[in-house]
Amino acid sequence: MIENIYKYKNTEWVLPLLFQYDAIWATIHNTLKDFNIEPPKASLFGSPSVIWAGGRVPRLYGKFSKKFFTNWLTFIKDHNATPTFTFTSTKITKESLKDEYANFILDIALEFDSNFIVYSDILKDYIKEKKPTAKITASVIKANCRFQGPDKIEEPTIENETNYYNKLLKEYDVVVVRPEYSEKILAENPNLIDDLSRIEVLINQPCIRNCPKMTKHYEYLQNYNLMPNYAETFRCIRMDMNSCDLFKNNLIHEKETVEKLVKNGINILKLQGRGTTISTLELLLILIDNMFIKDGNNQIIINTMIDNLQYEINKQNEAINRQ
Amino acid sequence: MTNINKYENIIWNLPLLFQADIIWGAIYNQIKSYGFKPPKVNLYGTPAQRWIGGTIPRVKEKLQKNVLYEHFKYIKELEATPILDFTSTNITKEELKDEYANYLLDIALEFNSDFMVYSDILKDYIKEKNPNAKIISSHTKPVYRFQGPNRVEDPTVENETNYYNKLLKEYDTVIVRPEYSKYVLCKNPSLIDDISRIEVLVNQPCIINCPKMSEHYTHIENANIIPQYYATFECSKKNMPAQVLYENNLVHSEEKINNLIQIGVKNLMLILKQVDALPLIAYETIQNMFNTDGNNHLLLTETIPHAIRDEISKYNERINRIINSNNQI
Chain A
151 MIENIYKYKN TEWVLPLLFQ YDAIWATIHN TLKDFNIEPP KASLFGSPSV
201 IWAGGRVPRL YGKFSKKFFT NWLTFIKDHN ATPTFTFTST KITKESLKDE
251 YANFILDIAL EFDSNFIVYS DILKDYIKEK KPTAKITASV IKANCRFQGP
301 DKIEEPTIEN ETNYYNKLLK EYDVVVVRPE YSEKILAENP NLIDDLSRIE
351 VLINQPCIRN CPKMTKHYEY LQNYNLMPNY AETFRCIRMD MNSCDLFKNN
401 LIHEKETVEK LVKNGINILK LQGRGTTIST LELLLILIDN MFIKDGNNQI
451 IINTMIDNLQ YEINKQNEAI NRQ
Chain B
123 MTNINKYENI IWNLPLLFQA DIIWGAIYNQ IKSYGFKPPK VNLYGTPAQR
173 WIGGTIPRVK EKLQKNVLYE HFKYIKELEA TPILDFTSTN ITKEELKDEY
223 ANYLLDIALE FNSDFMVYSD ILKDYIKEKN PNAKIISSHT KPVYRFQGPN
273 RVEDPTVENE TNYYNKLLKE YDTVIVRPEY SKYVLCKNPS LIDDISRIEV
323 LVNQPCIINC PKMSEHYTHI ENANIIPQYY ATFECSKKNM PAQVLYENNL
373 VHSEEKINNL IQIGVKNLML ILKQVDALPL IAYETIQNMF NTDGNNHLLL
423 TETIPHAIRD EISKYNERIN RIINSNNQI
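From first to last, the protein sequence lines are chains A and B.
151 is the number of the first residue of the first sequence in the numbering used here; add one for each residue after it.
123 is the number of the first residue of the second sequence in the numbering used here; add one for each residue after it.
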């Protein structure tokens, strides 16, 4: 009999894989099925390079055909995951809503019942007009911009932040809270939030607590993606910190904290990892570390996942490039 | 904050020497930079040479003396003891004379290395050269004795216990079969004369009492030493249903390992499954040795890929400097 392999039960995972590392999900999904284990519910988030995308370097540059996207999203659906498009640009205007390529991608995404992560309220309204049943998540960047940095709109007090999330819950289907909030406040005060089942928690953010440069960093990445010959530079605060300080001040949640959150009613957990320079294998190992119990016999399942990765990558390439 | 080490007061024997030493370099330096104390480790392995057993070596060419010296110095800087893997099952008096193997042995002895050995005559040979050299009885000795169609005797509790107690009289440390540590040792700790000199292999992914294991080691050993060796070998696990493998493997759980430590086991060993993929080697090492939850995830999982790349650059620079200075002479 297979022992429990999941670190946290009854959890939906939101994973940084769409249009970058999708084969990782196929690997996890198919290996678990081989062992007669029901894979968890999963959404894969990401975006090709498009004007509505936010601050992560996409892997998929250039413009692609409908066939290409259809093949890709079919691959995702065949593995029982929901594609989730990160349209988290902070610079959406009425003009950018008319972008032809962005709308082209949006229409295909809607055909495949995709979800969306969004910063801009006007983009949220625009998508909902096209399809009222489209599920839209309020990006964590909204809360970062509101509560962090020199341009913050208000102080991140418990009251301010709670009110903000409760307000967002009236407008969005799911709301991602800042890790500072989930780690220190939500874990201890679950009753503050009106509907915990629609709160999403980011559990492996390696940034430092209340980083004053986070929004600038995000803006830098957005500009880098969108502006040809963008020549500005940005230096992350962590590069100048010593390891001990970084260890004490990052936002990666302890296992006990996540267990408490799940026990209190959080059932959507998010992992970050997009736009990274590490390999597909390395990202798989990070996901495994966060999602699964690796002890004892479960190591056999984990080893099998690792062994299967290249095969799944090859299968994905075949599927995507089918004519 | 979770303690970084999974188990306290343990010596780890890691399959990294001349294979992936920089993995330990990256982990060691990472742990130190975050203010923690690394656990005690030995690194075992070997470059290709005549006394090698059933392990695929990464380093195939003969190494110059200055490069070997620098490499051993590097290992020592990481507070690790090198263990040369001299586990050939085919040692005769003739093979003892092998020039390159002796050259490696002499340098290894200069650096107070330990040795893992299958052959009793090789063990005696090393002890003659240096009576203080620590010699570990290879994990393959009990495999050949108790497994497969050519086994010497059946692996009953009595036979196997007597065998290990006999080996303890002749070797400094004895590696037991995982079948024995997983299913016998915890229930019967007093059977063994000196548990503190027993070593347990905790991550063997093979199936219990695999009848082909000794054949597998022989196959690899032959491929290492016989020019144009073209035989093929098919592992028992190939095409085995996933569920069967799940229920019949030799991986030790944390609970089992803690039980073994409680009864006095002090030496734990890891085995490599994949020689080439550095991220996998790092992953296997880290997952078995350390707690990776919470903040530990940052230093051991998220940032390790970058730490490994840094360590590779630093190591290559160091060795290239030695090679270039030699060329200039």
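Virtual Cβ for every residue (Gly too), placed ideally from N, Cα, C.
Residues of chain B with CB closer than 9 Å to the CB of A/Q460, please, in chain order. Position 310 of the first sequence, counted from the start, is the residue given in the question as residue 460 of chain A. Going along chain B, no residue has its Cβ under 9 Å from A/Q460, so there is no contact; the nearest lies around 10 Å.
Beta-carbon gap between A/P340 and A/G415 smaller than 9 Å: By 1-based counting over the first sequence, the position of residue 340 of chain A is 190. By 1-based counting over the first sequence, the position of residue 415 of chain A is 265. Cβ distance < 9 Å, so A/P340 and A/G415 count as in contact.
Amino acids of chain A, ordered along the chain, whose beta-carbon sits closer than 8 Å to that of B/D415: As a working mapping, residue 415 of chain B is identified with position 293 in the second sequence. Going along chain A in sequence order, the residues near B/D415 (Cβ under 8 Å) are E404, K405.
Cβ neighbours of A/Q466 in the same chain (closer than 7 Å, five flanking residues each side left out): Residue numbering aside, residue 466 of chain A sits at position 316 when the first sequence is read from its first letter. Closer than 7 Å at the Cβ level, and outside the excluded window around A/Q466, lie D172, A173, A176, F225.
The region 376-408 of chain B: which residues have C-beta closer than 8 Å to a C-beta of chain A, in chain order? E376, E377, K378, K395, A399, P401, L402, Y405
With a threshold of 8 Å, are at least 3 pairs of Cβ atoms found where one atom belongs to the region 321-332 of chain A and the other to the region 293-308 of chain A? yes
With H, G and I counted as helix, E and B as strand and the rest as coil, what does DSSP make of B/I451? Translated into positions along the second sequence, residue 451 of chain B becomes position 329. With a pLDDT of 44 at B/I451, under the threshold of 50, the modelled position of this residue cannot be trusted, and the question is left open.
Counting only Cβ pairs nearer than 7 Å, list the residues of chain A close to B/N371. Looking up residue 371 of chain B in the second sequence gives position 249. Under the 7 Å cutoff, chain A gives N447, I450.
Counting only beta-carbon separations shorter than 9 Å, does B/I451 have a partner in chain A? For the purposes of this step, residue 451 of chain B is identified with residue 329 of the second sequence, where counting begins at 1. With a pLDDT of 44 at B/I451, under the threshold of 50, the modelled position of this residue cannot be trusted, and the question is left open.
Cβ-based burial, B/M362 [other Cβ within 10 Å; buried from 16]: The residue you call residue 362 of chain B lines up with position 240 of the second sequence. B/M362 is exposed by the Cβ-count criterion.
With a threshold of 9 Å between beta-carbons, can B/Q350 be considered close to chain A, or not? Your numbering for residue 350 of chain B matches position 228 in the second sequence. Not closer than 9 Å to any Cβ of chain A, the Cβ of B/Q350 fails to qualify, so no.
So which residues of chain A does B/Y305 contact, with C-beta pairs closer than 7 Å? The sequence position of residue 305 of chain B within the second sequence is 183, counting from 1. Those within 7 Å of B/Y305 in chain A number zero; the least Cβ separation is about 14 Å.
Leaving out the 5 sequence neighbours to the left and right, which residues in its chain are closer than 8 Å to B/Y286 when beta-carbon positions are compared? Numbered from its first residue, the second sequence carries residue 286 of chain B at position 164. Excluding sequence neighbours, B/Y286 sits near P264, V296, V298, Y302, I314, I320.
Could you tell me which residues DSSP pairs with A/F237 in its beta bridges? On the first sequence, residue 237 of chain A is found 87 positions in, with the first residue counted as 1. DSSP output for A/F237 lists A/V268 as bridge partner(s).
Short check: CB of B/N413 to CB of B/N125, under 9 Å? In the second sequence, counting from the first residue as 1, residue 413 of chain B sits at position 291. In the second sequence, counting from the first residue as 1, residue 125 of chain B sits at position 3. Yes, the pair counts as a contact, with Cβ atoms nearer than the cut-off.
Using alpha carbons as the reference points, say which of B/Q365, B/E282, B/L323, B/A255 lies closest to A/D184. In the first sequence, counting from the first residue as 1, residue 184 of chain A sits at position 34. Ranking B/Q365, B/E282, B/L323, B/A255 by Cα distance to A/D184 puts B/Q365 first.
What separation, rounded to the nearest whole angstrom, lies between the Cα atoms of B/Y339 and B/G175? Counting from one through the second sequence, the residue named residue 339 of chain B turns up at place 217. Counting from one through the second sequence, the residue named residue 175 of chain B turns up at place 53. Cα to Cα, B/Y339 sits roughly 7 Å from B/G175.
Which term fits A/Y380, buried or exposed, when burial requires 16 or more other beta carbons within 10 angstroms of its beta carbon? Against the first sequence, residue 380 of chain A aligns to sequence position 230. So A/Y380 counts as exposed.
Per DSSP, which residues does A/G196 bridge with? Please list them. Locating residue 196 of chain A in the first sequence gives position 46, counting from the first residue. For A/G196, which the question treats as bridged, DSSP gives the partners A/F235.
Identify whether B/V163 lies in helix, strand or coil by the three-state DSSP scheme. Within the second sequence, the letter at position 41 stands for residue 163 of chain B. If DSSP states are grouped into helix, strand and coil, B/V163 belongs with the strands.
So does the region 207-217 of chain B actually touch the region 152-162 of chain B, counting three or more Cβ pairs closer than 8 Å? no
Hey, is A/S193's beta-carbon within less than 9 Å of any beta-carbon in chain B? The sequence position of residue 193 of chain A within the first sequence is 43, counting from 1. It does not; no Cβ of chain B falls within 9 Å.
May I ask which residues mark the beginning and end of the alpha helix (DSSP H) holding A/Q449? Here residue 449 of chain A refers to the residue found at position 299 of the first sequence. First-last of the alpha helix (DSSP H) with A/Q449: 448-470.
Give a yes or no on whether the minimum CB-CB distance between B/P160 and chain A is below 9 Å. Translated into the one-based positions of the second sequence, residue 160 of chain B becomes position 38. No - not a single Cβ of chain A is within 9 Å of the one on B/P160.
Along the beta strand (DSSP E) that carries A/C357, what are the first and last residues, could you check? Within the first sequence, numbered from 1, the residue matching residue 357 of chain A stands at position 207. Segment 354-358, the beta strand (DSSP E) holding A/C357.
May I ask you to report which of helix, strand or coil DSSP gives B/N127? Numbered from 1 along the second sequence, position 5 holds the residue referred to as residue 127 of chain B. Strand, per DSSP.
Shorter than 9 Å from the beta carbon of B/E183 to some beta carbon of chain A? Taking the first residue of the second sequence as position 1, residue 183 of chain B is located at position 61. B/E183 does not count as touching chain A.
C-alpha distance - B/T262 paired with B/Q409, whole-angstrom precision: Residue numbering aside, residue 262 of chain B sits at position 140 when the second sequence is read from its first letter. Residue numbering aside, residue 409 of chain B sits at position 287 when the second sequence is read from its first letter. Cα to Cα, B/T262 sits roughly 24 Å from B/Q409.
Smallest Cα separation from A/R385: which of A/E369, A/L376, A/M377, A/L273? Here residue 385 of chain A corresponds to residue number 235 of the first sequence, with the count starting at 1. Of A/E369, A/L376, A/M377, A/L273, the residue nearest in Cα terms is A/E369.
Would A/C361 pass as an interface residue toward chain B - the criterion being a Cβ-Cβ separation below 9 Å? Taking the first sequence and counting its residues from 1, one reaches residue 361 of chain A at position 211. Chain B contact via Cβ: absent.
Pick helix, strand or coil for A/L431, following the three-state DSSP scheme. Walking along the first sequence from the start, residue 431 of chain A turns up at place 281. Here A/L431 sits in helix by DSSP.
I want to verify the contact list: residues of chain B whose CB lies under 7 Å from the CB of A/S264, in sequence order. Within the first sequence, the letter at position 114 stands for residue 264 of chain A. The premise fails here: A/S264 is roughly 28 Å from chain B at the closest Cβ pair, so nothing lies under 7 Å.
Mind checking the region 213-227 of chain B against chain A and listing, in chain order, the residues whose C-beta falls within less than 9 Å of any C-beta there? none
Based on Cα-Cα distance, which residue from B/K184, B/V163, B/C332, B/E183 lies nearest to B/K198? Here residue 198 of chain B corresponds to residue number 76 of the second sequence, with the count starting at 1. Residue B/V163 is the option with its Cα nearest to B/K198.
Under 7 Å from the C-beta of A/M432: neighbouring residues of chain B: Working through the first sequence from its first residue, we reach residue 432 of chain A at position 282. It should be pointed out that residue 432 of chain A corresponds to Glu in this sequence rather than to Met. In chain order: P401, P427.
Can you tell me whether DSSP reads B/P300 as helix, strand or coil? Start at 1 with the first residue of the second sequence, and residue 300 of chain B comes out as number 178. Reduced to three states, the DSSP call for B/P300 is helix.
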